[in-house]
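Report on the following structure.
Have a look at this one:
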(Lines of atoms letter the chains of each structure in order from A and count residues from 1; the text may use other names and numbers.)
(Lines give C-alpha, C1' and ligand atoms only; values in the text may rest on other atoms or scores of the structure.)
Protein backbone atom coordinates (compact mmCIF):
# COMPACT_ATOMS: atom_id res chain seq x y z
CA UNK A 1 0.00 0.00 0.00
CA UNK A 2 1.09 3.54 -0.77
CA UNK A 3 1.56 5.37 2.55
CA UNK A 4 -0.50 8.30 1.25
CA UNK A 5 -3.60 6.14 1.37
CA UNK A 6 -3.14 4.34 4.70
CA UNK A 7 -6.09 6.18 6.33
CA UNK A 8 -8.51 5.59 3.46
CA UNK A 9 -11.76 3.74 4.18
CA UNK A 10 -13.94 4.87 1.28
CA UNK A 11 -13.41 4.84 -2.49
CA UNK A 12 -15.41 7.28 -4.62
CA UNK A 13 -15.46 6.20 -8.26
CA UNK A 14 -16.19 7.86 -11.54
CA UNK A 15 -17.41 5.31 -14.13
CA UNK A 16 -17.39 6.45 -17.76
CA UNK A 17 -13.83 6.33 -19.13
CA UNK A 18 -12.62 5.32 -15.64
CA UNK A 19 -13.88 1.73 -15.45
CA UNK A 20 -13.05 1.31 -19.14
CA UNK A 21 -11.15 2.93 -22.00
CA UNK A 22 -12.56 3.63 -25.44
CA UNK A 23 -11.75 1.72 -28.59
CA UNK A 24 -10.98 3.64 -31.80
CA UNK A 25 -14.45 2.67 -33.06
CA UNK A 26 -16.16 4.00 -29.93
CA UNK A 27 -14.09 7.18 -30.08
CA UNK A 28 -15.14 7.70 -33.70
CA UNK A 29 -18.83 7.26 -32.87
CA UNK A 30 -18.43 9.60 -29.90
CA UNK A 31 -17.04 12.47 -31.96
CA UNK A 32 -19.62 11.93 -34.70
CA UNK A 33 -22.38 12.02 -32.07
CA UNK A 34 -20.95 15.31 -30.83
CA UNK A 35 -21.18 16.81 -34.31
CA UNK A 36 -24.74 15.51 -34.71
CA UNK A 37 -25.71 16.94 -31.32
CA UNK A 38 -24.26 20.36 -32.15
CA UNK A 39 -25.95 20.30 -35.56
CA UNK A 40 -29.36 19.47 -34.08
CA UNK A 41 -29.21 21.90 -31.17
CA UNK A 42 -27.84 24.85 -33.15
CA UNK A 43 -29.94 23.98 -36.20
CA UNK A 44 -26.97 24.18 -38.57
CA UNK A 45 -25.66 21.76 -41.22
CA UNK A 46 -23.37 18.99 -39.95
CA UNK A 47 -20.32 20.48 -41.73
CA UNK A 48 -20.85 23.81 -39.99
CA UNK A 49 -21.38 22.07 -36.66
CA UNK A 50 -18.11 20.20 -37.12
CA UNK A 51 -16.27 23.39 -38.00
CA UNK A 52 -17.65 25.30 -35.00
CA UNK A 53 -16.95 22.52 -32.54
CA UNK A 54 -13.43 21.78 -33.80
CA UNK A 55 -12.50 25.47 -33.75
CA UNK A 56 -13.67 25.91 -30.16
CA UNK A 57 -12.17 22.64 -28.96
CA UNK A 58 -8.79 23.58 -30.42
CA UNK A 59 -8.94 26.80 -28.42
CA UNK A 60 -10.38 25.45 -25.15
CA UNK A 61 -9.16 21.81 -25.14
CA UNK A 62 -12.12 20.59 -23.08
CA UNK A 63 -15.19 18.86 -24.51
CA UNK A 64 -17.49 20.05 -21.74
CA UNK A 65 -16.21 23.62 -21.91
CA UNK A 66 -16.47 23.60 -25.70
CA UNK A 67 -20.15 22.66 -25.50
CA UNK A 68 -20.68 25.44 -22.96
CA UNK A 69 -18.89 27.92 -25.21
CA UNK A 70 -21.24 26.97 -28.04
CA UNK A 71 -24.19 27.76 -25.79
CA UNK A 72 -25.25 24.13 -25.32
CA UNK A 73 -24.76 23.89 -21.57
CA UNK A 74 -22.36 22.07 -19.27
CA UNK A 75 -24.43 18.86 -19.36
CA UNK A 76 -24.40 18.50 -23.15
CA UNK A 77 -21.34 16.27 -23.43
CA UNK A 78 -22.75 13.80 -20.91
CA UNK A 79 -25.96 13.60 -22.95
CA UNK A 80 -23.81 12.60 -25.92
CA UNK A 81 -22.05 9.92 -23.88
CA UNK A 82 -25.37 8.55 -22.66
CA UNK A 83 -26.63 8.28 -26.25
CA UNK A 84 -23.95 5.72 -27.21
CA UNK A 85 -24.88 2.03 -27.09
CA UNK A 86 -22.00 0.73 -24.96
CA UNK A 87 -22.99 -2.88 -25.59
CA UNK A 88 -21.33 -2.56 -28.98
CA UNK A 89 -17.95 -1.80 -27.42
CA UNK A 90 -17.81 -3.09 -23.84
CA UNK A 91 -17.89 -6.59 -22.37
CA UNK A 92 -17.47 -8.39 -19.06
CA UNK A 93 -14.14 -7.38 -17.52
CA UNK A 94 -12.71 -10.13 -15.29
CA UNK A 95 -9.77 -7.95 -14.22
CA UNK A 96 -12.10 -5.20 -13.04
CA UNK A 97 -14.25 -7.72 -11.18
CA UNK A 98 -11.12 -9.07 -9.47
CA UNK A 99 -10.00 -5.54 -8.56
CA UNK A 100 -13.14 -4.98 -6.53
CA UNK A 101 -12.70 -8.35 -4.84
CA UNK A 102 -9.19 -7.25 -3.88
CA UNK A 103 -10.55 -3.96 -2.51
CA UNK A 104 -13.27 -5.56 -0.40
CA UNK A 105 -11.98 -3.91 2.79
CA UNK A 106 -13.16 -0.55 1.43
CA UNK A 107 -16.65 0.88 1.05
CA UNK A 108 -17.35 2.03 -2.50
CA UNK A 109 -19.55 4.76 -3.95
CA UNK A 110 -20.08 5.91 -7.52
CA UNK A 111 -20.19 9.62 -8.32
CA UNK A 112 -21.14 10.18 -11.93
CA UNK A 113 -22.49 12.87 -14.21
CA UNK A 114 -24.33 10.18 -16.13
CA UNK A 115 -27.87 8.92 -15.62
CA UNK A 116 -28.77 6.07 -13.26
CA UNK A 117 -30.07 3.96 -16.15
CA UNK A 118 -26.85 4.42 -18.10
CA UNK A 119 -24.65 3.52 -15.13
CA UNK A 120 -26.70 0.45 -14.28
CA UNK A 121 -26.34 -0.74 -17.87
CA UNK A 122 -22.58 -0.12 -17.84
CA UNK A 123 -22.10 -2.03 -14.58
CA UNK A 124 -24.14 -4.93 -15.94
CA UNK A 125 -22.09 -5.07 -19.15
CA UNK A 126 -18.80 -4.98 -17.22
CA UNK A 127 -19.97 -7.68 -14.82
CA UNK A 128 -20.07 -5.56 -11.66
CA UNK A 129 -22.91 -6.01 -9.17
CA UNK A 130 -24.66 -2.83 -8.05
CA UNK A 131 -24.50 -4.14 -4.49
CA UNK A 132 -20.74 -3.49 -4.49
CA UNK A 133 -21.57 0.18 -3.99
CA UNK A 134 -22.97 1.84 -0.90
CA UNK A 135 -24.52 4.48 -3.14
CA UNK A 136 -24.68 5.51 -6.78
CA UNK A 137 -24.91 9.29 -7.04
CA UNK A 138 -25.96 10.45 -10.51
CA UNK A 139 -26.87 13.78 -12.04
CA UNK A 140 -30.48 12.97 -11.15
CA UNK A 141 -29.66 13.00 -7.43
CA UNK A 142 -28.11 16.45 -7.10
CA UNK A 143 -28.89 20.03 -8.08
CA UNK A 144 -25.35 20.56 -9.39
CA UNK A 145 -22.90 17.86 -10.34
CA UNK A 146 -19.18 17.46 -10.97
CA UNK A 147 -17.09 19.60 -10.92
CA UNK A 148 -19.41 21.11 -8.31
CA UNK A 149 -18.54 19.75 -4.84
CA UNK A 150 -22.17 18.83 -4.07
CA UNK A 151 -21.95 15.16 -5.19
CA UNK A 152 -18.82 14.59 -3.10
CA UNK A 153 -20.41 16.21 -0.06
CA UNK A 154 -23.51 14.06 -0.58
CA UNK A 155 -21.37 10.93 -0.76
CA UNK A 156 -19.65 11.75 2.51
CA UNK A 157 -23.00 12.41 4.17
CA UNK A 158 -24.34 9.02 3.01
CA UNK A 159 -21.19 7.21 4.10
CA UNK A 160 -20.71 9.12 7.33
CA UNK A 161 -17.16 9.75 6.12
CA UNK A 162 -14.56 12.44 6.67
CA UNK A 163 -12.65 13.85 3.68
CA UNK A 164 -9.33 12.41 4.89
CA UNK A 165 -10.91 8.94 4.83
CA UNK A 166 -11.90 9.18 1.15
CA UNK A 167 -10.11 8.74 -2.15
CA UNK A 168 -11.64 9.90 -5.43
CA UNK A 169 -10.72 7.89 -8.53
CA UNK A 170 -11.28 9.18 -12.03
CA UNK A 171 -9.98 10.15 -15.45
CA UNK A 172 -10.85 13.88 -15.58
CA UNK A 173 -8.83 16.33 -13.49
CA UNK A 174 -11.47 19.07 -13.58
CA UNK A 175 -14.25 16.78 -12.34
CA UNK A 176 -12.71 13.86 -10.45
CA UNK A 177 -9.47 15.23 -9.01
CA UNK A 178 -9.49 18.98 -8.30
CA UNK A 179 -12.91 19.28 -6.52
CA UNK A 180 -12.35 16.42 -4.05
CA UNK A 181 -8.80 17.58 -3.33
CA UNK A 182 -10.17 20.99 -2.37
CA UNK A 183 -12.44 19.19 0.09
CA UNK A 184 -9.47 17.39 1.65
CA UNK A 185 -9.78 14.00 -0.04
CA UNK A 186 -7.01 11.95 -1.59
CA UNK A 187 -7.16 11.42 -5.35
CA UNK A 188 -5.99 8.91 -7.95
CA UNK A 189 -5.94 9.77 -11.64
CA UNK A 190 -6.25 6.77 -13.98
CA UNK A 191 -5.28 6.02 -17.59
CA UNK A 192 -2.65 8.76 -17.66
CA UNK A 193 -0.71 11.25 -15.58
CA UNK A 194 -1.92 14.21 -13.56
CA UNK A 195 -0.04 16.97 -11.80
CA UNK A 196 -3.09 17.65 -9.62
CA UNK A 197 -3.73 14.16 -8.27
CA UNK A 198 -1.97 12.61 -5.28
CA UNK A 199 -1.04 9.68 -7.51
CA UNK A 200 -1.53 8.64 -11.14
CA UNK A 201 -2.04 5.09 -12.38
CA UNK A 202 -1.48 3.96 -15.98
CA UNK A 203 -4.56 1.72 -15.77
CA UNK A 204 -7.38 1.25 -13.28
CA UNK A 205 -6.07 -2.24 -12.52
CA UNK A 206 -2.87 -0.79 -11.00
CA UNK A 207 -4.86 0.78 -8.18
CA UNK A 208 -4.59 -2.44 -6.18
CA UNK A 209 -0.90 -1.77 -5.51
CA UNK A 210 -1.77 1.68 -4.16
CA UNK A 211 -4.58 0.62 -1.85
CA UNK A 212 -3.74 -2.92 -0.72
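In the working numbering, the protein residues as written are 99 to 310. Ideal Cβ placement from N, Cα and C applies to all residues, glycine included.
Check: In whole angstroms, give me the CA-to-CA distance for residue 180 and residue 252.; Outcome: 23 Å
Check: If you run the structure through DSSP and keep just helix, strand and coil, what is residue 344?; Outcome: Only positions 99 to 310 of the chain appear in this structure, which leaves residue 344 out of reach.
Check: Along the chain, where does the beta strand (DSSP E) that runs through residue 285 open and close?; Outcome: 284-288
Check: In chain order, what residues of the same chain have a beta carbon less than 8 Å from the beta carbon of residue 116, not counting five sequence neighbours either side?; Outcome: 267, 268, 269, 274, 288, 289, 302
Check: If you draw a straight line from the C-alpha of residue 223 to the C-alpha of residue 199, how long is it?; Outcome: 17 Å
Check: Kindly indicate which three-state DSSP category residue 110 falls into: helix, strand or coil?; Outcome: strand
Check: Pop quiz: residue 281 and residue 201 are said to be a contact at Cβ under 8 Å. What is the actual Cβ separation, rounded to whole angstroms?; Outcome: Not confirmed; about 22 Å, so no contact.
Check: Find out if the Cβ-Cβ distance for the pair residue 213, residue 237 is shorter than 8 Å.; Outcome: yes
Check: Do residue 118 and residue 207 have their CB atoms nearer than 8 Å?; Outcome: no
Check: Should residue 151 and residue 173 be called a contact, given that it needs their Cβ atoms to be closer than 8 Å?; Outcome: no
Check: Provide the residue span of the alpha helix (DSSP H) that contains residue 164, from first to last.; Outcome: 161-167
Check: For a minimum of 4 consecutive residues, which ranges assigned as the alpha helix (DSSP H) are wholly contained in the stretch 224-262?; Outcome: 248-257
Check: Only counting runs of 4 or more residues, tell me where the alpha helix (DSSP H) segments fall wholly within the stretch 130-184, in order along the chain.; Outcome: 144-158, 161-167, 174-180
Check: So, at 7 Å on beta carbons, what are the nonlocal neighbours of residue 262 in its own chain, with the 5 sequence-adjacent residues on each side left out?; Outcome: 105, 282
Check: Would you identify the three-state DSSP class for residue 121, choosing helix, strand or coil?; Outcome: coil
Check: Secondary structure at residue 266, three-state DSSP: helix, strand or coil?; Outcome: strand
Check: Taking all protein chains shown into account, decide if residue 292 is buried (16 or more other Cβ within 10 angstroms of its Cβ) or exposed.; Outcome: buried
Check: Would a check of beta-carbon distances place residue 139 closer than 8 Å to chain D?; Outcome: Of the chains in the structure shown, none is chain D; there is only one protein chain.
Check: Around the Cβ of residue 144, are there at least 16 other Cβ atoms within 10 angstroms (buried) or fewer (exposed)?; Outcome: exposed
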